[in-house]
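Right, one structure below, let's go through it.
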């Protein structure tokens, strides 16, 4: 029982990072109706740059790199929009291309080595459960950013415009809301949140150049697990995803533990979590 | 005569491939590249069929190729089958799996389908890596019997023949009522349902045909390179062929083939293997921004296949 509790706690703390990535994923999903496949790549890029520069400057440089990549994605999105592309799948495809390009860039600069930094050497024991202080920091930062995103969306004028653009783009456009600008901003916020998540992973479990796509997949699973309705569900989905991963890696052996989270995503997809008419490419 | 006039893509492909083969035969290194390009083209054609016609963005075609390759490798190396006997199995198994997957997901939104295929390919890769006593795990399977050993030009002919057959099947599909059904589904799914088209069934059939093509590509790969590891096909190939399809033009039957040729030739000019993704990803984005219908879309009229 104690082991199980430890796994759950570890999963919740691990899930905070997924939750952090699930936030921008659900924001993009709702405001643009598309998916930014490069989210995981922003995280890896931030970790790579952050670990190379090191220290506080490294954190700033890592965030800057992730932001720059997200600005590139936002520019691609704006360019596609100007060229008259409306299908979400084409925008996803372009972000896929960016993810591949960033992964290749990281591989050619840093090679196949893993990025990892240690912030704390000691482990705290609470109620018989071993917890690394870093994972508590991750959780706290995750909660803080969730609160900020929530306040932004539901307590500010900007948030009201974002929600309007998400629910009815045409109506919002006609009411004078700059929908495309808001959507572009959403892509950029993905770089910021993705970069923070990447840096937190850098200081906890570490990652390498291949992590981008699997991170995207995990946090997408997190974003849809409880339905893509607002930041709180996305965040809780991330926590749940972390718990699923921690439980399967603690209770099952290598291959099975890696497959279980993927099977969960498959089941959620098959149950129609993304099947809303808005995303089905049907008539508006 | 009218039969072939409506199927000009197959003829164009055969003419170009014969010409390319005649040039490439002068140098073994070129022939090696040409064979790799034809194998890629076959997998790219499968992704062209799923995305360009059925509107399903599949990130699993490389994994279907891997299944085809592993099937034939296991049957020939472990059970001693003849490669020719293994060919139908290497085609049927991915087709069956593709059909099952499609039945599960085609009623969903395109984005959900894309993610489901990506998830499936991640699962397949883990299985290939960890099922040691069947797939050889990380080490892979070596000593797969070659087909036409020592006669690369004959193997090139075989690969081109299979590619041409796939293009012909694709063309026949598009000329049939099923192909027109696919076009309707892509344009307006509600209309297709109202017209009485069995949308999930038709999409699943198209997906299965595409998976069969990818499986055939995997069979060619296994019996040409004689060695397989989890990294040889799979996710990386899935991504490459997606990019090839976009660069060539997803809506045109020969688009993915053209993309495979262009990227395959240009990749030879790259300084290192590591920057290939940078080049491929960049090419994809530039093409999407500048010529959304791909390079073939620039030279062919809108609406022609």
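Protein chains in written order, with this note's numbering: chain A, 911 to 1194; chain B, 738 to 1042. In this text, a Cβ means the ideal position worked out from N, Cα and C, and glycines have one as well.
Three-way DSSP call (helix, strand, coil) for residue 1036 (chain A) in this model: In the first chain, counting from the first residue as 1, residue 1036 (chain A) sits at position 126. DSSP, read as helix, strand or coil, puts residue 1036 (chain A) in strand.
From A:1035, A:1127, A:1044 and A:1013, pick the residue whose C-alpha is nearest to that of residue 956 (chain A); which is it? Locating residue 956 (chain A) in the first chain gives position 46, counting from the first residue. Residue A:1013 holds the alpha-carbon nearest to the alpha-carbon of residue 956 (chain A) among A:1035, A:1127, A:1044 and A:1013.
Assuming residue 984 (chain B) and residue 1000 (chain B) make a contact with CB atoms under 8 Å, what is their CB distance in whole Å? Taking the first residue of the second chain as 1, we reach residue 984 (chain B) at position 247. Taking the first residue of the second chain as 1, we reach residue 1000 (chain B) at position 263. Yes, residue 984 (chain B) and residue 1000 (chain B) are in contact; Cβ-Cβ is about 6 Å, under 8 Å.
Looking only at its own chain, which residues have a Cβ that is under 7 Å from the Cβ of residue 932 (chain B), when we skip the five neighbours before and after it? Stepping through the second chain from its first residue, residue 932 (chain B) is reached at position 195. In the same chain as residue 932 (chain B), and ignoring 5 residues on each side of it, the C-beta atoms closer than 7 Å to its own belong to 921, in chain order.
Can you give me the C-alpha to C-alpha distance between residue 1065 (chain B) and residue 926 (chain B), rounded to a whole angstrom? Outside the modelled stretch of chain B, which goes from 738 to 1042, sits residue 1065 (chain B), for which no answer is possible.
Any C-beta of chain A under 8 Å from that of residue 739 (chain B): Counted from its first residue, the second chain places residue 739 (chain B) at position 2. Not closer than 8 Å to any Cβ of chain A, the Cβ of residue 739 (chain B) fails to qualify, so no.
Starting from the N-terminal side, write out each stretch of the alpha helix (DSSP H) that is 4 residues or longer and does not extend beyond the region 891-942 of chain B. Within the region 891-942 of chain B, the runs of alpha helix (DSSP H) at least 4 residues long that lie entirely inside it are, in chain order, 914-924 and 926-931.
Per DSSP, what kind of secondary structure is residue 986 (chain A) in: helix, strand or coil? Here residue 986 (chain A) is taken as the residue at index 76 of the first chain, counted from 1. Here residue 986 (chain A) carries a helix assignment [DSSP, helix/strand/coil].
Look at the Cβ atom of residue 1047 (chain B), then the Cβ atom of residue 750 (chain B), and state whether they are nearer than 8 Å. Coverage of chain B is limited to positions 738 through 1042, which leaves residue 1047 (chain B) absent and any answer about it impossible.
Which of helix, strand or coil DSSP assigns to residue 879 (chain B): Start at 1 with the first residue of the second chain, and residue 879 (chain B) comes out as number 142. Note: residue 879 (chain B) maps to strand in three-state DSSP.
Between the Cα of residue 799 (chain B) and those of B:870, B:1029, B:780 and B:743, spot the shortest distance and give me the residue it belongs to. Within the second chain, residue 799 (chain B) is the residue found at index 62, counting from 1. Cα-wise, what sits closest to residue 799 (chain B) is B:780.
Length at least 3, wholly inside the region 943-1007 of chain B: the beta strand (DSSP E) runs in chain order: Runs of the beta strand (DSSP E) inside the region 943-1007 of chain B: none found.
With a threshold of 7 Å on Cβ separation, who are the neighbours of residue 1069 (chain A) within its own chain once the five nearest residues in sequence on each side are excluded? The residue given as residue 1069 (chain A) occupies position 159 in the first chain. Correct list, in chain order: 1062 and 1063.
On the DSSP letters alone, give me the boundaries of the alpha helix (DSSP H) that residue 769 (chain B) sits inside. Position 32 of the second chain, counting from 1, holds the residue named residue 769 (chain B). Element bounds for residue 769 (chain B): 765-784.
Determine whether the beta carbon atoms of residue 782 (chain B) and residue 903 (chain B) lie at a separation below 8 Å. Start at 1 with the first residue of the second chain, and residue 782 (chain B) comes out as number 45. Start at 1 with the first residue of the second chain, and residue 903 (chain B) comes out as number 166. In this structure, residue 903 (chain B) lies closer than 8 Å to residue 782 (chain B) by Cβ.
Can you check which of these residues, A:1039, A:1136 and A:1103, is closest to residue 923 (chain A) by C-alpha distance? Mapped onto the first chain, residue 923 (chain A) falls at position 13. Ranking A:1039, A:1136 and A:1103 by CA distance to the CA of residue 923 (chain A) puts A:1039 first.
Quick check: the Cα distance between residue 959 (chain A) and residue 888 (chain B), rounded to an integer number of angstroms? By one-based count along the first chain, residue 959 (chain A) stands at place 49. By one-based count along the second chain, residue 888 (chain B) stands at place 151. Going by the C-alpha atoms only, they are around 49 Å apart.
Compare the C-beta of residue 1128 (chain A) against all C-beta atoms of chain B and say whether one is closer than 8 Å. To locate residue 1128 (chain A), count along the first chain from 1; it is residue 218. No, residue 1128 (chain A) lies away from the interface with chain B (no Cβ there is under 8 Å from its Cβ).
Could you give the DSSP three-state label for residue 1119 (chain A): helix, strand or coil? Numbered from its first residue, the first chain carries residue 1119 (chain A) at position 209. Assigned with DSSP and collapsed to three states, residue 1119 (chain A) falls in coil, not helix or strand.
Taking the beta carbon of residue 1103 (chain A) as the centre, do at least 16 other beta carbons fall within 10 Å, making it buried, or is it exposed? One-based indexing of the first chain puts residue 1103 (chain A) at position 193. Residue 1103 (chain A) is buried by the Cβ-count criterion.
Runs of alpha helix (DSSP H) lying entirely within the region 1003-1029 of chain A, each at least 4 residues, in chain order: DSSP runs (the alpha helix (DSSP H)) wholly in the region 1003-1029 of chain A: none.
Using a Cβ cut-off of 7 Å, pull out every chain B residue sitting near residue 998 (chain A), in sequence order please. Indexing the first chain from 1 puts residue 998 (chain A) at position 88. Here the neighbours are 848.
For residue 884 (chain B), the first and last residue of its enclosing alpha helix (DSSP H): Taking the second chain and counting its residues from 1, one reaches residue 884 (chain B) at position 147. That residue, residue 884 (chain B), is in no alpha helix (DSSP H); it is neither H nor E in DSSP.
I think residue 884 (chain B) touches residue 820 (chain B), with their Cβ atoms under 8 Å apart; what is that distance to the nearest whole Å? The count along the second chain starts at 1 and reaches residue 884 (chain B) at position 147. The count along the second chain starts at 1 and reaches residue 820 (chain B) at position 83. That belief holds up - the Cβ atoms of residue 884 (chain B) and residue 820 (chain B) are roughly 5 Å apart, short of 8 Å.
Quick one: Cα of residue 1089 (chain A) to Cα of residue 1131 (chain A), how far? As a first step, residue 1089 (chain A) is located in the first chain; it is residue number 179 there, counting from the start. As a first step, residue 1131 (chain A) is located in the first chain; it is residue number 221 there, counting from the start. Taking the straight line from one Cα to the other gives about 26 Å.
Between the beta-carbon of residue 951 (chain B) and the beta-carbon of residue 801 (chain B), is there less than 8 Å? Within the second chain, numbered from 1, the residue matching residue 951 (chain B) stands at position 214. Within the second chain, numbered from 1, the residue matching residue 801 (chain B) stands at position 64. Contact flag set, yes.
Contact between the region 990-1009 of chain A and the region 988-1004 of chain B: three or more CB pairs below 8 Å? Contact fails: fewer than three Cβ-Cβ distances are below 8 Å.
Taking 7 Å as the limit between beta carbons, can you name the residues of its chain near residue 1004 (chain A), skipping five residues before and five after? Working through the first chain from its first residue, we reach residue 1004 (chain A) at position 94. If we look at residue 1004 (chain A) and ignore the five residues flanking it on each side, its Cβ neighbours are 986 and 990.
Helix, strand or coil for residue 1186 (chain A), going by three-state DSSP, please let me know. Here residue 1186 (chain A) is taken as the residue at index 276 of the first chain, counted from 1. Confidence is the limiting factor: at residue 1186 (chain A) the pLDDT is only 48, short of 50, which leaves the residue's position unreliable, though a coordinate-based value still follows. Residue state, collapsed to three classes: coil.
Between the alpha carbons of residue 936 (chain B) and residue 764 (chain B), how many angstroms are there, rounded? The residue given as residue 936 (chain B) occupies position 199 in the second chain. The residue given as residue 764 (chain B) occupies position 27 in the second chain. Between residue 936 (chain B) and residue 764 (chain B), the C-alpha separation is close to 48 Å.
Since residue 809 (chain B) and residue 960 (chain B) are thought to touch, with beta carbons under 8 Å apart, how far apart are those beta carbons, to the nearest angstrom? Position 72 of the second chain, counted from the start, is the residue given in the question as residue 809 (chain B). Position 223 of the second chain, counted from the start, is the residue given in the question as residue 960 (chain B). The Cβ separation is near 7 Å, so the contact holds.
With 16 other CB atoms within 10 Å as the buried threshold, where does residue 1035 (chain A) fall? Looking up residue 1035 (chain A) in the first chain gives position 125. Exposed.
Whose C-beta lies closer than 8 Å to the C-beta of residue 1023 (chain A) among residues of the same chain, with five residues either side of it excluded? Translated into the one-based positions of the first chain, residue 1023 (chain A) becomes position 113. The answer, listed in chain order, is 1118.
Closer than 7 Å by beta-carbon distance: list the chain A residues that pair up with residue 1013 (chain B), in chain order. What you label residue 1013 (chain B) is simply residue 276 of the second chain in a count that begins at 1. Those are 1014, listed as they occur along chain A.
Quick one: any contact between the region 826-834 of chain B and the region 1143-1153 of chain A, if contact means 3 or more CB pairs under 8 Å? Because the criterion of three Cβ pairs below 8 Å is not met, the region 826-834 of chain B and the region 1143-1153 of chain A do not touch.
Under 7 Å from any heavy atom of the ligand COA, does the C-beta of residue 1054 (chain A) make it? Here there are no bound small molecules, and the ligand COA is not part of this structure.
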